[in-house]
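Inspection log for the structure reproduced underneath, given as structure tokens.
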Amino acid sequence: MADAAKQSRPKGTQDFLPPDSERLLRVETEFRRIAAAFGCREVITPIFEHTEVFVKSSGAASDVVTKEMYSFTDRAGRGLTLRPEGTPGVVRAVLESRYRLPCRLYYVGPFFRYSRPQKGRHRQFHQLGVEVLGEPSPEVDAEVIYLGADFFRSLGIDDCTVHVNSIGCVRCRPAYRQKLVTFLTVHVGELCADCRVRIESNPLRVFDCKNESCRRVVADAPRPRQHLCAECGTNFEMVLAGLTARGLRFELNDRLVRGLDYYNRTTFEYVSGALGAQDSLGGGGRYDYLVGEFGGPDTPGIGFALGLERTIIAAPQAPAPPRRRLAFIVWMSEAELAPARTLLDRLRSQGIAAQIDYGARRAKAQFRSADAADAACCVIVGGDELTRGVYSLKDLVTGEQTEVPADRLVERLRTLLNG
Ligand code: HAM
């Protein structure tokens, strides 16, 4: 790699400078608010885990594990992986700390997948996730699906469609799997190389393949939802009834199998027309066997993860506020620097964001710094004003300048900055 390339950000990563970083934070804050309203509390797990954690849960044959993991060996020879998704780490953490069940958790943070970058697909991206452990009721499935939809709605994302499906359980899946394998084997010549391997390793994943020929084959393949046992059938009806009761519009999508191995019964995805090829804003499902796979007691689970970058693409842009809630202090001459510094500290201690430029000797240059900082106003500290016990306050949006008595300054700034 050329030296210049080594100094730019790695392929598939992004920088978020203000105000973009602030937009991200606002969306995260909204997610935290809604997740908390549904009774969830935040969980924070490591950015890397033992590789085994993902292989065991995401699935040894899944694309995420076979093609997309950032794995490395540490100095002591441990096999570690930057987390490609959140569910395995959360399940591990809950089990390891014997956390009280049932529990409702949410997380926000960076994830890593070595995939081909394109619009809405990055190598480092952010997920907003929810995991509910120990709650078996199909009512909870509906509630969790609704939580995600509620979040998108609160951001003004109107074209988000919820796709739902059921892929059965340990009782009905084996017979269905066999039927699907038989069907795919007949059509093996029409499948891509990946899907030929999937017939044995994970036949359901063929439904997810983007290859045209594979898509033609699966158009006639037996569907999981047509082969549910009575219990799974009733369970799915109850999930749909829960969604309908909440007035949530959804689409049944009998090809929705999801790309990770741990799912059973309900699977769902939030799809948006604004995204192009990567049209999934988020997705999830039930995973009633995952805790067991980790050696824990039988514990039902359900959750989802939403892509923060995709959410930002789909959300209508709120008009950026013209200025930050920041007061910039301008000192007229060397003699006013000390009182200006005192004022700076006083404003900050009263909760007013304030900044100063120590380096620029001329007021004009300090005004330029105020502009670069996007400050909403300048408080001018001048010798004559100090003697008269006033400050000049310049509104940088309107350009208007007024004099304010020293003891009224904080009050005036509060009105101006919060207005
Ligand atoms: P997932 O479908 O692999 O599920 O990812 C969820 C969401 O993360 C996607 O719908 C997408 O919005 C975002 N995403 C995934 N990969 C990328 C990428 N390379 N660039 C940008 N965004 C991406 C899971 O991760 C499961 N852990 C969800 C879950 C939680 N299931 C149960 N609980």
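Heads up, the sequence shown stops at 533 in the numbering used here, and the numbers go up one at a time, no gaps.
Idealized CB from N, CA, C, for every residue including glycine.
Owing to the predicted nature of the structure, the values given are computational and were not obtained by experimental measurement.
* If I'm right that Val167 touches Arg206 with Cβ under 8 angstroms, what's the distance once you round it to whole angstroms? => 6 angstroms
* To do: With Arg170 as the anchor, note down where its alpha helix (DSSP H) starts and where it stops.
  => Rather than Arg, the amino acid found at residue 170 in this sequence is Lys. Segment 165-172, the alpha helix (DSSP H) holding Lys170.
* Do Leu367 and His277 have their C-beta atoms within less than 7 angstroms of each other? -> Checking the displayed sequence, the identity of residue 367 turns out to be Asn instead of Leu. In this structure, His277 lies closer than 7 angstroms to Asn367 by Cβ.
* Nearest candidate by alpha-carbon position, reference Arg379, set Arg363, Gly417, Gly410, Leu362 -> Gly417
* Can we say the region 451-470 touches the region 404-422, given the rule of at least three CB pairs closer than 8 angstroms? -> no
* Just how far apart, CA to CA, sit Glu296 and Val320? -> What sits at residue 296 in the sequence shown is Thr, not Glu. Taking the straight line from one Cα to the other gives about 13 angstroms.
* Give the DSSP bridge partners of Leu342, in chain order. => Leu342 is not bridged by DSSP to any residue.
* To do: Please find out if some non-hydrogen atom of the ligand HAM comes closer than 6 angstroms to the beta-carbon of Ala263.
  => no
* **Nearest neighbour of Asp488, chosen from Val511, Tyr472, Gln232 [CA to CA]** => Val511
* To do: Find the nearest neighbour of Tyr184 within the set Val178, Gly396, Thr195, Ser122, judged by alpha-carbon distance.
  => Measuring from the Cα of Tyr184, the nearest candidate turns out to be Thr195.
* **Any non-hydrogen atom of the ligand HAM closer than 6 angstroms to Phe418 Cβ** => yes
* Taking all protein chains shown into account, do 16 or more other C-beta atoms lie within 10 angstroms of the C-beta of Phe186, making it buried, or fewer, making it exposed? -> exposed
* Asked: the ligand HAM heavy atoms versus the CB of Pro128: any closer than 6 angstroms?
  -> Reading off the sequence shown, one finds Gln at residue 128, where the question assumed Pro. Gln128: no, Cβ never under 6 angstroms from the ligand HAM.
* Confirm, please, whether the CB-CB distance from Trp445 to Val518 is below 7 angstroms. => Between Val518 and Trp445, the C-beta spacing is not below 7 angstroms.
* To do: Kindly indicate which residue of Pro132, Ala289, Val178 has the alpha-carbon position closest to the one of Tyr376.
  => Val178
* Asked: Between the region 140-159 and the region 210-226, do at least 3 Cβ pairs fall closer than 8 angstroms?
  -> The region 140-159 and the region 210-226 touch, with no fewer than 3 CB-CB distances between them shorter than 8 angstroms.
* **Three-way DSSP call (helix, strand, coil) for Asp485 in this model** => helix
* For the candidate residues Ala388, Ala391, Arg363, Leu389, whose alpha-carbon lies nearest to that of Phe382? -> Arg363
* By Cβ distance below 7 angstroms, which residues in the same chain neighbour Phe481 in space, the five residues on each side in sequence not counted? -> Excluding residues within five positions, the ones whose Cβ falls inside 7 angstroms are Val444, Cys492.
* To do: Work out the CA separation of Gly356 and Ile281 for me, nearest whole Å.
  => 18 angstroms
* Going by DSSP, name the residue or residues bridged to His277. => Glu365, Glu383
* **Gly126 and Lys233 closer than 7 angstroms at C-beta** => no
* Pick from Pro250, Ser172, Ala490: whose alpha carbon is nearest that of Glu345? -> Pro250
* **Meets three-Cβ-pair contact criterion under 8 angstroms: the region 325-336 and the region 253-269** => No, because fewer than three Cβ pairs between the region 325-336 and the region 253-269 fall closer than 8 angstroms, the two stretches do not touch.
* **Inter-residue spacing [alpha-carbon to alpha-carbon] between Ala428 and Ala388** => 6 angstroms
* Specify, as a first and last residue, the run of the alpha helix (DSSP H) that Phe297 falls within. => 287-300
* To do: Alpha carbon to alpha carbon, how far is Ser171 from Ala490? Give it in angstroms, no decimals.
  => 51 angstroms
* Which runs of the alpha helix (DSSP H) fall wholly inside the region 444-510 and span at least 4 residues, in chain order? -> 451-463, 477-486, 497-502
* For Ala434, I'd like the list of residues in its chain whose CB is within less than 8 angstroms of its CB, leaving aside the five on either flank, ordered along the chain. => Pro133
* Are there 16 or more other CB atoms within 10 angstroms of the CB of Pro288, so buried, or fewer, so exposed? -> exposed
* **alpha helix (DSSP H) runs contained entirely in the region 169-200, provided each spans 4 or more residues** => 177-181
* Asked: Where does the unbroken alpha helix (DSSP H) through Val254 begin, and where does it stop?
  -> Unbroken alpha helix (DSSP H) run through Val254: 252-268.
* Asked: How about Glu136: is its C-beta nearer than 7 angstroms to some C-beta of chain D?
  -> No chain D appears in the structure shown, which is made up of a single protein chain.
* Asked: Would a C-beta distance cut-off of 7 angstroms place Leu294 and Pro336 closer than the cut-off?
  -> yes
* Asked: Can Gly396 and Ala432 be called in contact, C-beta distance under 7 angstroms?
  -> Against a cut-off of 7 angstroms, the Cβ pair of Ala432 and Gly396 comes out as no contact.
* To do: Put Thr413 into one of helix, strand or coil per three-state DSSP.
  => In this structure, Thr413 counts as coil in the three-state DSSP scheme.
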